[in-house]
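Asker:
In my numbering, the protein residues as written are 3 to 430.
Listed below in structure tokens is the structure:
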């Protein structure tokens, strides 16, 4: 008998039908869960219909064999910069023409989808010479990606205070009217950071929009004022990457963390490196924030732009770094890029249980720690259908070591060239 039957999960997302969800059914067979069970999972209508022991669910539907895979809630990318992604190798100034930005955003989102992120929140700079063109480009990319990955946008004006900030404020309002999902910005760059933050929060309250501010977080007084102002915003406030918070004295950082927790402010850290300012590195004090009750999510930040020319945009790498560098247990580390990231983005909760959204990631392996260490092969499910696959095969040449370890063998086809790798194959 199935271990779970359909039920309506508690979530912050819409409970209505999803017009883009796949109507057909899909059976995921033989997947391993983090609790050690091996199960079949039936999907339909963009949701998980049932979870049962292997062979217990009807098989008259499309099937995907997940033997050897660990099945997880899909990751979500809570802090991306799609408008500048993949621009590190550009010859000359980076182009912000709409077609060029749309191409970069689309390619970056698909790369992140292949890594397992079925939802991406992208910070988009507006104003200056480019005006609203980058926002228009990202919104076009969002439309073209519909059904593959959910892309949301954060409008990021440069200045919002003083005479120079009047244009920025008007442009921020226009960006929201265009379809920007989140009101954001970088108060650190404004001559009046507190005034900038107040302007963002007021506009967000006016439109009922969530807030996502890009800040280094090195000024505890400024963060305290932010917490005081943010407490009443119902749509939620997120800040990040807050690497500067980790450079403060422990007692000062602890008091600040308590203020953020009391106000319900989420912190999105970037374990893979900073973004926007390549000179200021460091990761937010994740364990301190969590101990104070702050919801901590993790993002990838810059993807191969001038801030981080080697940024991968891989949420599992972010989770790996949280575990190896920050001392989080693998389960908590992965939750930071999945459940906590989705909650920060206002998305519905995902569990591998009946009734929950079919946003899933299958990773080769049988334990979460191993998957974070060697997460090469992945199968990504979005809205109930497989939308991305990544397969990797590792080969070793014939050797006594390979024979002694009895590694899985890859047969040598007739006519193979001498010297070609043929022994000791292992899928990853």
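Here a beta-carbon is modelled for each residue, glycine too, at the ideal position from N, C-alpha and C.
Owing to the predicted nature of the structure, the values given are computational and were not obtained by experimental measurement.
#1: Report yes if the CB atom of residue 78 is closer than 7 Å to the CB atom of residue 119, and no otherwise.
#2: Compare the C-alpha of residue 322 against each of 337, 309 and 311 and name the closest.
#3: Could you pull out every residue in the same chain whose Cβ sits closer than 8 Å to the Cβ of residue 57, ignoring the five residues on either side in sequence?
#4: Residue 296 and residue 320 - do their beta-carbons sit closer together than 7 Å?
#5: With distances taken Cα to Cα, identify the nearest neighbour of residue 80 among 362, 396, 198 and 347.
#6: Using DSSP's beta-bridge definition, name the partner residues of residue 55.
#7: Measure the C-alpha to C-alpha separation of residue 59 and residue 67 and round it to an integer number of angstroms.
#8: Are the beta-carbon atoms of residue 65 and residue 88 separated by less than 7 Å?
#9: Which class does residue 361 belong to by DSSP, given the choice of helix, strand or coil?
#10: Measuring straight from C-alpha to C-alpha, what distance separates residue 365 and residue 351?
#11: Which word fits residue 293, buried or exposed, when buried means at least 16 other C-beta atoms lie within 10 angstroms of its C-beta?
#12: Between the stretch 303–314 and the stretch 34–53, do at least 3 Cβ pairs fall closer than 8 Å?
#13: Is the beta carbon of residue 195 closer than 7 Å to that of residue 224?
#14: Is it a yes or a no for the stretch 201–220 touching the stretch 166–186, going by three-plus beta-carbon pairs under 8 Å?
#15: If contacts are defined as beta-carbon pairs under 8 Å, then residue 254 and residue 222 qualify, I think. What distance do you get, rounded to the angstrom?
#16: Rounded C-beta distance between residue 184 and residue 151? I'm assuming under 8 Å.
#17: May I ask which residues mark the beginning and end of the beta strand (DSSP E) holding residue 389?
#18: CA-CA distance, residue 63 and residue 28?
#19: In angstroms, rounded to a whole number, what distance separates the CA positions of residue 23 and residue 389?
#20: With a CB to CB cut of under 7 Å and the five nearest residues on each side skipped, what residues in its chain are close to residue 207?
#21: Taking buried to mean at least 16 other C-beta atoms within 10 Å of its own C-beta, is residue 214 buried or exposed?
#22: Taking residue 357 as the reference, which of 35, 53, 26 and 36 has the closest Cα?
#23: Please classify residue 164 as buried or exposed, where buried requires at least 16 other C-beta atoms within 10 Å of its C-beta.
#24: Since residue 329 sits in a beta bridge, which residues does DSSP pair it with?
#25: Taking the alpha-carbon of residue 393 as reference, which of 343, 345, 380 and 290 has the nearest alpha-carbon?
#26: Quick one, are the C-beta atoms of residue 256 and residue 232 less than 7 Å apart?
#27: Report buried or exposed for residue 209, applying the criterion of at least 16 other Cβ atoms within 10 angstroms of its Cβ.
#28: The alpha helix (DSSP H) that contains residue 98, what's its start and end?
#29: Terminal residues of the continuous beta strand (DSSP E) containing residue 302?
#30: Determine which residues share a DSSP beta bridge with residue 67 and list them.
#31: Rounded to whole angstroms, what's the CA-CA distance from residue 402 to residue 306? Just pull it up for me.
#32: Could you give the C-beta distance for residue 302 and residue 272, rounded to a whole number, given that I count them as a contact under 8 Å?
#33: Tell whether a beta-carbon distance below 7 Å holds between residue 342 and residue 304.
#34: Nearest-angstrom Cα distance between residue 382 and residue 363?
#35: Which of the three DSSP states is assigned to residue 214 in this structure?
#36: Where do the ends of the alpha helix (DSSP H) carrying residue 222 lie?
Answerer: With the given structure in hand:
#1: yes
#2: 337
#3: 42
#4: no
#5: 347
#6: 41
#7: 14 Å
#8: no
#9: coil
#10: 20 Å
#11: exposed
#12: no
#13: yes
#14: yes
#15: 5 Å
#16: Between residue 151 and residue 184 the Cβ distance is about 17 Å, and since that is not below 8 Å, they are no contact.
#17: 387–392
#18: 6 Å
#19: Note on residue 23: pLDDT 46, under 50, position unreliable in the model; no value is reported.
#20: 235
#21: buried
#22: 53
#23: exposed
#24: BP columns for residue 329 are empty, so no partner.
#25: 380
#26: no
#27: exposed
#28: Careful: residue 98 lies outside any alpha helix (DSSP H) and carries neither H nor E.
#29: Here residue 302 belongs to no beta strand (DSSP E), and DSSP marks it neither H nor E.
#30: 31
#31: 41 Å
#32: 7 Å
#33: no
#34: 5 Å
#35: strand
#36: 222–232
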